[in-house]
Amino acid sequence: MNSPLIKLEMVKKSFGDKAVLRGINLDVQRGDSMVILGGSGAGKSVLMRHIIGLMRPDSGHVFLDGLDWWQMDQRQLYETRKRFGMSFQEAALFDSLSVFENIAFPIKRHRRDWTPAKIANRVHECLDLVGMPSVADLMPNELSGGMRRRVGFARSIALEPEILLFDEPTTGLDPIMTSVLNDVIVNLREQLKITSITITHDMSSAKAISTRLAMLYKGDIVFTAEREAFFNADNGIVRQFVEGRADGPVTEGLLS
Amino acid sequence: MFAMIGKKTINIARGAGAYTLLVSQGLAKTFVPPFEWREFIKQLERVGVNSLPVVAVTSLFTGMVLALQTYDGFRRFQAEAYVPALLGLALVRELVPVLGGMMVAGRVGSAMAAEVGTMKVTSQIDALEVMATNPIQFLVVPRMWATAIMLPLLIAIGDLIGIYGGQFLITSILQEPQTGYMDRVFEFVDAEDFWSGMIKAAFFGAIVATVGCYQGLATRGGAEGVGRATTAAVVQASLGILVADFFLTKVLF
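For the record, the sequence lines run as chains A and B.
So the first sequence is numbered by the numbering used here: it starts at 1 and just counts up by one.
So the second sequence is numbered by the numbering used here: it starts at 1001 and just counts up by one.
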């Protein structure tokens, strides 16, 4: 097996007395579409922030191509960040900028030699990829939740990243918009050939977009497998989560 | 009880440390390209042009009320002729920079804290980081310099408005026109007095912007957190202005 693109090694993080990540080990290979499943409060968002170097682990390491985020100097760190695109749970668009300017923002900053026409082209290309060709002139507050997220996707791919991170891309959306967004993610993966990591608790979305899955439970990765193996696994926690049952080890863990 | 005092002390020390770090990073990042010209110019307009009415009204009424108070007092021992000198010195050296600075803290510092705080709680600051953009370089540096440059300009205009306000009150409202009011002002106010006010204003501007941004970046906990950050920004910036005013006066004279 090739050396993994992203490797987490015994990553631990606590806030005060509360241990959120208790020694995470995770490998993501190039070209994987990794989905990390976990219930509310399992530490999914915190894990994502460690993967992109926004949070520093209390102990352990996050490697990218064998390089530790926290051994880099700031220039290296920002150079490495440019290889990532991340779309946030609530899209995190800049309210003061129009959709066009939001997507052009990373391009203008990191492709300083691009002409305005080239930037405009790229912005429209990104909007087409997420299926929103005609919203460029609107402001973020004029968009619905699902549209904002799609604009967030468009912004995250503007610099043609190698790795895409999706933080709960479909949470709180209706089933139709959920499958639209799933299709967008699958399309992005197939057209751009990128590695992606998605955290979610939405099973339909996990089924649609994953090639590998990991189960996060109480700050630990309790199970990792290829797609087929994962959905047929007899791990109690995975089974309960996949089937969405009220009784099982997860509920017992909550009550105990 | 001791635990509480200890905890408060630690929090204050931690806050002071974090603030100092922010200011020093802001200064260091000023000289690291790229400089955010667009953001800088936007802030110049927001801080400068848009604050002019507030500073103008503050200065006008400060000048008038000071004239009203002193004119009556000075008349009792026939020293009305010194009112312009007193007005000039008090306004230029102290009152307009401090009161104008505090008004700008209320207008601009709070807006910065609210804007940056909202960006923080809606992950826009994280989004900046993810897009390989340093939030201090992008948000704090332009705001800090824009306010440090614009506040002195506002104060310079405010100085004039305040002095003319005094003249207006004496001539038109008290109906006791003084010949050579302006000459008397300039007889006593030196260039140094004016510049000391300008230097103070530049520092006050930097305080307003950095405290606003610091509170914004330290925001936690949704809309309520933004509200707390906004209040804290105004209170702390105003206190900062008063304390800095004392030390600057001590150093400058």
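Beta carbons are placed, not taken as given, at the ideal position from N, Cα and C, and that holds for glycine.
- request: Measuring only between beta-carbons, confirm whether Glu90/A sits less than 8 angstroms from chain B.
  value: Glu90/A counts as touching chain B.
message: As a quick exercise: from Val1208/B, Thr1230/B and Leu1252/B, pick the residue whose alpha carbon is nearest that of Val1104/B.
response: For Val1104/B, the nearest C-alpha among the options comes from Val1208/B.
Three-state secondary structure (DSSP) of Leu1087/B: In this structure, Leu1087/B counts as helix in the three-state DSSP scheme.
message: Please identify the residue among Val222/A, Glu90/A, Met55/A and Thr195/A whose C-alpha is closest to the C-alpha of Arg148/A.
response: Comparing alpha carbon positions, the residue from Val222/A, Glu90/A, Met55/A and Thr195/A closest to Arg148/A is Glu90/A.
- request: Can you have a look at Pro133/A and say buried or exposed, based on whether 16 or more other CB atoms are within 10 angstroms of its CB?
  value: Answer is exposed; the Cβ neighbour count stays below 16.
- prompt: Can you tell me the Cα-Cα spacing of Val1032/B and Leu127/A, whole angstroms?
  reply: Pairing Val1032/B with Leu127/A, the inter-Cα distance amounts to about 33 angstroms.
- request: Measure from the C-beta of Ser1110/B to each C-beta in chain A and report whether the shortest distance is under 8 angstroms.
  value: False, the Cβ-Cβ gap to chain A never drops below 8 angstroms.
query: Taking 8 angstroms as the CB-CB limit, is Tyr217/A close to chain B?
result: Closer than 8 angstroms: no.
query: Tell me which same chain residues have a C-beta within less than 7 angstroms of the C-beta of Gly236/A, skipping the five on either side of it?
result: Gly248 and Pro249.
task: Quick one: list the residues of chain A neighbouring Glu1129/B, beta-carbon separation under 7 angstroms, in chain order.
output: Against chain A, a Cβ distance below 7 angstroms from Glu1129/B picks out Leu54.
- prompt: How long is the line joining the alpha carbons of Leu1044/B and Gln1215/B, rounded to whole angstroms?
  reply: Cα to Cα, Leu1044/B sits roughly 20 angstroms from Gln1215/B.
field: Beta carbon of Gly1166/B nearer than 8 angstroms to that of Ala1067/B
entry: Closer than 8 angstroms, so yes.
message: Run through chain B and tell me which residues come within less than 8 angstroms of Pro116/A, C-beta to C-beta.
response: Neighbours of Pro116/A across chain B, judged by C-beta separation under 8 angstroms, do not exist; the nearest C-beta is about 14 angstroms away.
Coil, strand or helix - Asp27/A by DSSP: Look at Asp27/A here: in three-state DSSP terms it is strand.
- request: Determine the contact status of Ile260/A and Leu64/A, defining contact as a CB-CB distance below 8 angstroms.
  value: Missing from the structure shown is residue 260/A; chain A here goes from 1 to 256 and no further.
- prompt: Buried or exposed: which applies to Gln191/A, given that a residue is buried once 16 or more other Cβ atoms fall within 10 Å of its Cβ?
  reply: Classification of Gln191/A: exposed, given that the 10 Å Cβ count is below 16.
message: Less than 8 angstroms between CB atoms is the rule here; does His110/A satisfy it with respect to chain B?
response: Taking Cβ atoms only, chain B reaches closer than 8 angstroms to His110/A, which makes this a yes.
query: With distances taken from CA atoms, which of Leu1087/B, Gly1048/B and Gly1101/B is nearest Ala1244/B?
result: The residue among Leu1087/B, Gly1048/B and Gly1101/B with its C-alpha nearest the C-alpha of Ala1244/B is Gly1101/B.
- prompt: What number of angstroms, rounded off, separates the C-alpha of Ser33/A from the C-alpha of Lys193/A?
  reply: Taking the straight line from one Cα to the other gives about 10 angstroms.
field: Cα-Cα separation between Trp69/A and Ile1155/B, rounded to whole angstroms
entry: In a straight line, the C-alpha of Trp69/A is about 47 angstroms away from that of Ile1155/B.
query: Using a beta-carbon distance below 8 angstroms, is Lys18/A in contact with chain B?
result: At a cut-off of 8 angstroms, the C-beta of Lys18/A has no neighbouring C-beta in chain B.
- prompt: Should Pro106/A be flagged as near chain B, meaning a C-beta pair shorter than 8 angstroms?
  reply: By this cut-off, Pro106/A is an interface position.
query: For Thr1122/B, which of Ala1202/B, Thr1210/B and Gly1221/B has the nearest alpha-carbon?
result: Per the C-alpha coordinates, the member of Ala1202/B, Thr1210/B and Gly1221/B positioned closest to Thr1122/B is Gly1221/B.
query: Under the DSSP definition of a beta bridge, which residues are partnered with Ser196/A?
result: Checking the DSSP bridge columns, you'll see Ser196/A partnered with Ser33/A and Leu164/A.
message: Restricting to Cα atoms, I'd like to know which of Gln240/A, Thr211/A and Lys44/A is closest to Val11/A.
response: If you compare the alpha carbons of Gln240/A, Thr211/A and Lys44/A with that of Val11/A, the shortest gap goes to Lys44/A.
field: Residues of the stretch 1215 to 1233 of chain B whose Cβ lies closer than 8 angstroms to any Cβ of chain A, in chain order
entry: Residues of the stretch 1215 to 1233 of chain B with a C-beta less than 8 angstroms from any C-beta of chain A: none at all.
field: Met1150/B vs Gly1048/B beta-carbon contact at 8 angstroms
entry: Closer than 8 angstroms, so yes.
query: Using the beta-carbon of each residue, which ones in chain B are nearer than 7 angstroms to Phe84/A?
result: For Phe84/A, the C-beta contacts it makes with chain B under 7 angstroms involve Val1130, in order along the chain.
message: Using CA atoms only, rank isn't needed, just tell me which of Tyr1071/B, Glu1094/B and Thr1118/B is closest to Thr1249/B.
response: If we check each option's Cα against that of Thr1249/B, Glu1094/B comes out closest.
message: Which residues in chain C have a C-beta closer than 7 angstroms to the C-beta of Arg81/A? List them in chain order.
response: Reference to chain C is not applicable here, since the protein chains of this structure are A and B.
query: Just the Cα atoms here: how many angstroms apart are Gln1137/B and Phe230/A?
result: Per the coordinates, the alpha-carbon of Gln1137/B lies some 44 angstroms from the alpha-carbon of Phe230/A.
- prompt: In terms of DSSP beta bridges, what is His201/A paired with?
  reply: Answer is none; His201/A lacks a bridge partner.
query: Is it the case that the Cβ atoms of Ile1125/B and Ala1056/B are separated by a distance below 8 angstroms?
result: No, Cβ-Cβ distance for Ile1125/B and Ala1056/B is not below 8 angstroms.
task: Return the bridge partner residues of Asp220/A from the DSSP annotation.
output: Assignment of beta-bridge partners to Asp220/A by DSSP yields Tyr217/A.
message: With a threshold of 8 angstroms between beta carbons, is Gln1137/B in contact with chain A?
response: Answer no: the Cβ-Cβ gap between Gln1137/B and chain A never drops below 8 angstroms.
- request: Determine, using beta carbons only, whether Ala1081/B and Pro1152/B come nearer to each other than 8 angstroms.
  value: In this structure, Pro1152/B does not lie closer than 8 angstroms to Ala1081/B by Cβ.
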